[in-house]
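Input: a single structure, listed below in structure tokens.
In our numbering, the protein residues as written are 77 to 512.
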């Protein structure tokens with residue numbers, strides 16, 4: 077569960093949006109759940125990646141392109157609307173789309189949409205300058221008015237010139253490239269005012285960074301980008317465009333904590349550590365939601381989990397077992413792991429069948445409480461589950477030298493049915509348990 081590969085692609089999204097027999101809202105909701113199965117956690121932020129395609133066959137056989145949506149009855153900005161609606165279904169704050177260079181059936185519906193903040197990355201080579209100037213010239217034909225830009229309803233494009241060296245910046249060709257970009261993005265109103273330069277086109281510069289020529293994965297990108305001018309420019313852009321995530325109340329709360337009794341905080345931290353020192357104690361009630369646990373909750377939101385937990389001694393298997401039993405309902409675990417604020421119906425009980433022989437009283441009480449909750453739901457006529465009797469039956473089965481896979485399967489089915497109070501003269505199958 078450590079690494080999650082995307083289950084769907086942008087091509088799948090276009091098909092689902094364009095051809096789905098379901099209403100658009102339902103189709104987007106189902107697709108968003110598939111996207112949520114491959115999150116990337118970075119601090120308190122969550123990133124979802126939607127690749128262009130999943131394999132070569134999908135890329136070479138594309139039944140739906142953005143141009144098809146742009147030509148639909150909903151209008152030429154349907155592609156932007158579709159991506160915005162997917163972002164809303166995912167509950168994200170921002171959607172970033174990486175497009176290849178130039179104008180094409182895939183990129184044009186987004187490049188020409190003034191509601192989207194478009195950032196063009198280019199070099200100062202003659203071919204790149206000519207290509208971007210062509211794109212800027214076409215975009216300028218439908219550029220928004222000054223009033224719309226000032227109101228934040230529409231956006232002008234921005235340009236980042238990258239791979240620059242001090243020698244290149246000193247050449248006249250570099251200055252000529254900047255002038256060409258600005259003269260290409262000149263609105264008709266500017267021409268009437270005898271202004272040949274665009275004052276609305278933002279241009280940023282980043283230096284050449286050899287380490288960025290090869291990036292293999294997400295972790296490498298984070299490490300290599302941090303010290304570069306690319307990250308510096310990105311931070312400046314974010315600070316100028318995006319609202320700060322830290323509110324005045326949070327700042328005041330942070331300052332008050334800094335002025336508090338540090339020694340008392342250290343003591344509380346010591347007490348917490350002592351509670352979580354041994355998983356068998358069952359003392360700590362919190363749960364550190366690691367990435368594997370988040371992936372577990374993400375992948376089994378709408379179906380029963382089928383997971384085998386494997387790890388060395390001290391990896392946290394027993395601790396997670398006790399904490400899941402403390403939740404008593406799978407929905408409670410999902411709410412905590414995915415930080416959901418909305419209350420969901422509690423309908424999936426957690427029944428701890430086996431348990432460690434080294435559990436202490438507090439942990440055993442947690443396990444027993446989870447079993448009793450299931451017993452109350454099934455009815456008081458359900459016999460009480462005694463783990464010692466189950467362990468005795470397992471030991472007797474182990475003494476049988478003739479036990480094979482089929483007999484072990486039948487043994488565990490009988491143990492599960494006995495724990496749930498399912499009885500019958502004939503042999504019990506998994507279907508009987510599912511239909512119980």
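C-beta: ideal position from N, C-alpha, C; glycine also. From a predicted model like this one, the values you see are computed outputs, not experimental measurements.
Pairing residue 212 with residue 250 gives a Cβ-Cβ distance that is not under 8 Å. Distances from the CA of residue 102 to each of 162, 120, 245, 447 were compared; the closest alpha carbon is that of 162.
Rounded to whole angstroms, the gap between the alpha carbons of residue 244 and residue 339 is 56 Å. Residue 283 sits in a strand when the DSSP states are folded into three classes. The Cβ atoms of residue 168 and residue 124 lie closer than 8 Å to each other. Under the 10 Å beta carbon count, residue 81 is surrounded by fewer than 16 other beta carbons and is classified as exposed. Boundaries of the beta strand (DSSP E) around residue 240: 234-240.
Within the model, the alpha-carbon separation for residue 453 versus residue 427 is close to 12 Å. Closest option to residue 441, judged by alpha-carbon separation, among 480, 399, 408, 469: 399. Closest in alpha carbon position to residue 434, among 395, 461, 411, is 395. DSSP links residue 405 through a beta bridge to 425. Between residue 188 and residue 225, the alpha-carbon positions lie close to 15 Å from each other.
DSSP places residue 122 inside the beta strand (DSSP E), whose first and last residues are 121-124. In this structure, residue 294 places its C-beta atom within 8 Å of the C-beta atom of residue 116. Contact check for residue 489 and residue 506: beta-carbon distance about 6 Å, within the 8 Å limit, so the pair qualifies.
In the structure shown, residue 185 adopts helical secondary structure according to DSSP, grouped into three states. Between residue 261 and residue 233 a beta carbon distance of about 7 Å is seen, short of the 8 Å cut, so the two are scored as contacting. Ranked by how close their Cα comes to the Cα of residue 209, the residues 496, 277, 241 have 277 in first place. The bridge partners DSSP lists for residue 198 are 237.
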